[in-house]
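Colleague: Below you will find the structure I want to go over with you.
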């Protein structure tokens, strides 16, 4: 597992390839000036920059914990990009997203993970459940696992529905201590028999310094707020995560009770 300081590259989007008609950020496959293909997530989509912030923070925490996560990059969208796009809905989305967006390396040839046909060990399942309970990710269910198999390895994707407290910003530290009932719908919960071990392992890696380092990656322009500065809002994310970490025994017990009810 890695504890190195996270960094993000920046790329310029050169070609819109095809839309992916799913997800709150209305993503698309796009090509960038480094020659790679990416799943591009737009700041101008319905949930705005919040979905990108959640994707960035939760994705980089997952990476620090040792999970395989596609490389996350900042993706610049030029004002002239998309002017020839014939689809009006897509053109409006591109216009609303001029500037800094987020993208994840496209795992060509990957396929959706299905726990019914692919065995997952208890240690890995427990660690993923811990992560999603920690960041309050509501979107890793049987209906939408948000996991891919690529080159015979499990990859975690699409964390834009996590950290949902920021959609109605109010006392982040207090929000972090609230119960997380959606954990009962987690697709891997039946296999997560080692939650206490996962909790101990995560605490060895996730430190206040690591959390501050990850949150520091969030660009100022994604943090507009009439009532606080970007620095103050960034600190709010840090306080949420620190508070959430401090009550990990609580959310692990929630997960264990939910698991007992379904097995």
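Numbering (the UniProt record's numbering), first residue to last: 1 to 263. The beta-carbon is built from N, C-alpha and C at its ideal position, and this holds for glycine as well. Every value quoted in this text rests on a predicted model; they were computed, and no experiment measured them.
Going along the chain, which residues of its own chain have a beta-carbon closer than 6 Å to the beta-carbon of residue 248, five neighbours each way excluded?
Modeller: Within the same chain, residue 248 has close Cβ partners 199.
Colleague: Could you pull the start and end residues of the alpha helix (DSSP H) that residue 253 belongs to?
Modeller: Its alpha helix (DSSP H) spans residues 248-260.
Colleague: Between which residues of its own chain and residue 263 is the CB-CB distance below 6 Å, once the five residues before and five after are set aside?
Modeller: Correct list, in chain order: 190.
Colleague: Closer than 8 Å by C-beta to residue 2: which residues in its own chain qualify, once you throw out the five before and the five after it? Chain order, please.
Modeller: Because residue 2 sits at a pLDDT of 45, beneath the cut-off of 50, its placement in the model cannot be relied upon, and the following sentence gives the value as read from the coordinates. Excluding sequence neighbours, residue 2 sits near 63, 64 and 66.
Colleague: Pick helix, strand or coil for residue 14, following the three-state DSSP scheme.
Modeller: Three-state result, residue 14: strand.
Colleague: Where does the unbroken beta strand (DSSP E) through residue 39 begin, and where does it stop?
Modeller: It spans 37-41 - the beta strand (DSSP E) in which residue 39 sits, taken as one unbroken run.
Colleague: Would you check if there are 3 or more beta carbon pairs closer than 8 Å linking the segment 141-160 to the segment 110-127?
Modeller: In short, these stretches touch, since the Cβ pair count reaches three.
Colleague: How far does the alpha helix (DSSP H) with residue 89 in it extend, from its first residue to its last?
Modeller: Unbroken alpha helix (DSSP H) run through residue 89: 88-96.
Colleague: Taking the beta carbon of residue 9 as the centre, do at least 16 other beta carbons fall within 10 Å, making it buried, or is it exposed?
Modeller: Result: exposed.
Colleague: Can you tell me where the alpha helix (DSSP H) with residue 134 in it begins and where it stops?
Modeller: Residues 122-134.
Colleague: Buried or exposed for residue 16, please, with buried defined as at least 16 other CB atoms from any protein chain shown within 10 angstroms of its CB.
Modeller: Buried.
Colleague: Can you name, in chain order, every residue of its own chain whose Cβ lies under 8 Å from the Cβ of residue 261, other than the five neighbours on each side?
Modeller: Cβ neighbours of residue 261 beyond the five flanking positions: 184.
Colleague: Cβ atoms of residue 157 and residue 104: under 8 Å apart, would you say?
Modeller: Going by C-beta atoms, residue 104 is nearer than 8 Å to residue 157.
Colleague: If I measure Cβ to Cβ from residue 241 and keep anything under 6 Å in the same chain, skipping five residues before and after, which residues do I get?
Modeller: Once the five neighbours on either side are set aside, the close Cβ partners of residue 241 are 211.
Colleague: Would you identify the three-state DSSP class for residue 2, choosing helix, strand or coil?
Modeller: Because the pLDDT at residue 2 is just 45, under 50, the model does not fix this residue reliably, and the point stays unresolved.
Colleague: Hey, how far is the Cα of residue 253 from the Cα of residue 179?
Modeller: Using only the alpha carbons, I get a separation of about 10 Å.
Colleague: In angstroms, rounded to a whole number, what distance separates the CA positions of residue 226 and residue 232?
Modeller: Spanning the two alpha carbons is a distance of roughly 12 Å.
Colleague: For residue 221, which of helix, strand or coil comes out of DSSP?
Modeller: Here residue 221 sits in helix by DSSP.
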